[in-house]
Structure formats: C-alpha cells, structure tokens
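When we follow the numbering used here, the leftmost residue of the sequence shown carries the number 246, and every step to the right adds one. Here a beta-carbon is modelled for each residue, glycine too, at the ideal position from N, C-alpha and C. Since we're looking at a predicted model, the values are computed, not measured. Okay, structure first, notes after.
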Amino acid sequence: MTAKGLQTSTNNTKVMGILNVTPDSFSDGGKFSSFDNALIQVEQMISDGVDIIDIGGESTRPGAVDVTEADELSRVIPLLKAIKAKFDIKVSIDTSKAEVMSQAIIHGADIINDVRALQNEGCLTVLANSDVPVCLMHMQGMPRTMQENPHYDDVIGEIKQFFIERIKVCEDEGINRERIILDPGFGFGKTLEQNYQLLAQLHQFSDLELPLLSGTSRKSMIGNLLQRNVDERLAGSLTTAIIAAQQNASIIRVHDVKETVDALKVLSMTQKYQ
Ligand code: 7PM
C-alpha cells in the first residue's frame, strides 16, 4: 500500500517461503556449508519479496523418518538465531516437538507451524505460555502411511470439525483464537481429488473467521495431475497459489517466492476493480 492507499505490491496475501535445511553431515565439496547456503537462500527470498521464512523440521515431512529432538534443535535453532540477527524478517518454525517450539519461541520465532496441530505432548502448554501465533494443520493418519488409503465421507466438513475441536482445545488451554492460523494440510492424508476439492472450496472455511494458510507448492497433487517431476511444477504451483489467494487465503507457503509474489501482484491489480 502507498500513502494514497493504492495497492502497488501484493494483495494482502502473505508469502511464506520454504527454507530448505539439509543436514550438514558430509562435505559436498561446495563453497558453502548448508548453514551458509540457508542464509543465502534467505537473503534471496527477502529480495524476492517474502513475508515469512518457514524453517522446515525434517520430521514434519510425509514419509520421513523421525528426527531426534537433539538433531532438530541443532538444525533449526542456530539458523533461527542467525536469521534474526542478520535480517528483519518474520520466521516460522515447522515443528511438532514441544522442546523445539519452546527454544524457537525463546529465540524469536514469529510463528509456530505444526502439522500435528499441537497434539504432541507438551505443545499446548508451551504455546499457552507464549504469545506467538500458531498454525494448526489438518492431517489424516500419520506421515508414513497417510497416503495409503485416505477416506472421508465429507472432506470439508470433517476438516472443519477438526479445526473447531482444536480451536476449542487451544482456547481451553489459554491460546486465544486471535493467535490461530488454520491449514487444511494439502497432501497430508488426502487423495488427488480430495486435494482439489479442498482447493476449490477453501472459502468454505471462511466462516471460522481465522486466517488460512495454503501449502500446495510442488506437491504430488500437482505432479500427479500434470505428470511433472518436482522441478517442473512451477506453473501448477502458481495456479494453485492464485486459486487460494482468490478465496482469501492469508498465507501461501511456497518454494518459488519471486514467481509467487509476481503472480499475486497481477491478481491484486485485478482485485481492486472487482
Ligand atoms: C515431502 C513431502 C517433503 C511434503 C515435504 C513436504 C506443509 C507444511 C509441509 C503444509 C504447513 C512440503 C511438505 N507441508 N506446513 N509442511 N502446511 N503449515 O511440501 O502444507 O514442504 S512439508
């Protein structure tokens, strides 16, 4: 927004950039360590117009083997500290572990992003003792097996019910609604058809009156539909970003920040005439 109130950049949809943090277990002979590489990625995303950097805990990835708390802490916390020291940017921490949440909050995390919606031991208490916003994501089943046979009688209704229950649990623990962001969890225990039904009907969650986060970037719902490898999913990813933004998604979680910011600017330019 300019002083005159003209929209010149994006609509008010925020872009969350996914930061790849790979373990630094061996030297690949490259010039930079994975830590340095992460900081270079952050700098690039900031110049591309990112609003929030999401530091991914490997343990949240579908099919991934569990990462120990010590490993996750050593991967995430030093990076969070370095980003907060060097840059003026919001950081979200993608974790389901209470201790990682706690350390992340101490070291300046702006959002806790939990694909398990604070269902793990101790997480509600950690969040209740803070004032940090939290993203509650829906998942059916557990990461290793959730894509085997997803089933819903009513995918929107059941996810909405899950949100209502988790919001209630949060509020009872002292995490008020104003801090909660909802995410239907694309690809987390959903078939291709269910993922597209969710995307088409994201607006159905509007009556909960909470910000929505949409994460479809480069996912199988795009790859399988288009028969594209993971490095060929940009057009599909941008299309899903726009479809979500048109239904008032507040945050779009993406790998391709620059392209998404451009796409949202184009959308925004038409929205002011609607
Ligand atoms: C393999 C498969 C690697 C899937 C990584 C992923 C979401 C998230 C992830 C999401 C929120 C990815 C996913 N997805 N957090 N973390 N919402 N809030 O594509 O959709 O990054 S992991």
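Scanning the stretch 408–478 for uninterrupted beta strand (DSSP E) segments of 3 residues or longer gives 425–428, listed from N- to C-terminal end.
Note that the C-beta distance between L372 and I420 is below 8 Å. Using a 10 angstroms sphere on the CB of F277, the tally of other CB atoms stays under 16, which defines it as exposed. Just so you know, the alpha carbons of S292 and D398 end up roughly 44 Å apart.
Around the CB of N394, fewer than 16 other CB atoms lie within 10 Å, so the residue is classed as exposed. At a cut-off of 7 Å, the beta-carbon of R498 counts as near the ligand 7PM: some heavy atom of the ligand is closer than that.
Bounds of the beta strand (DSSP E) holding S337 are K335 to D339. Assignment of M382 by DSSP, reduced to helix, strand and coil, places it in the strand class. Note that the C-beta distance between T485 and L447 is not below 8 Å. Counting the other CB atoms within 10 Å of its CB gives R498 a total of 16 or more, which places it among the buried residues. In this structure, A343 sits near N365, with a CB-CB distance shorter than 8 Å. Contact between D501 and S462 holds: CB atoms are separated by about 7 Å, below the 8 Å threshold. According to DSSP, R498 shares a beta bridge with M261.
K335 counts as buried, since at least 16 other C-beta atoms from the protein chains shown sit within 10 angstroms of its C-beta.
The continuous alpha helix (DSSP H) containing D281 extends over residues S279 to S292.
With respect to the 8 Å criterion, N474 and G481 are not classified as neighbours on the basis of their beta carbons. Between the beta-carbon of P378 and that of I409 there is about 19 Å, and that puts the pair past the 8 Å contact cut. If the five residues before and after I487 are omitted, its C-beta is found closer than 6 Å to the C-beta atoms of A508 and L512, all from its own chain and listed in chain order.
A Cβ-Cβ separation of about 10 Å leaves M384 out of contact with F431 under the 8 Å criterion.
In this structure, I338 places its C-beta atom within 8 Å of the C-beta atom of I300.
In this structure, the beta-carbon distance from L381 to R422 does not fall below 8 Å. Burial check for G460: the Cβ neighbour count within 10 Å reaches 16 or more, so the residue is buried.
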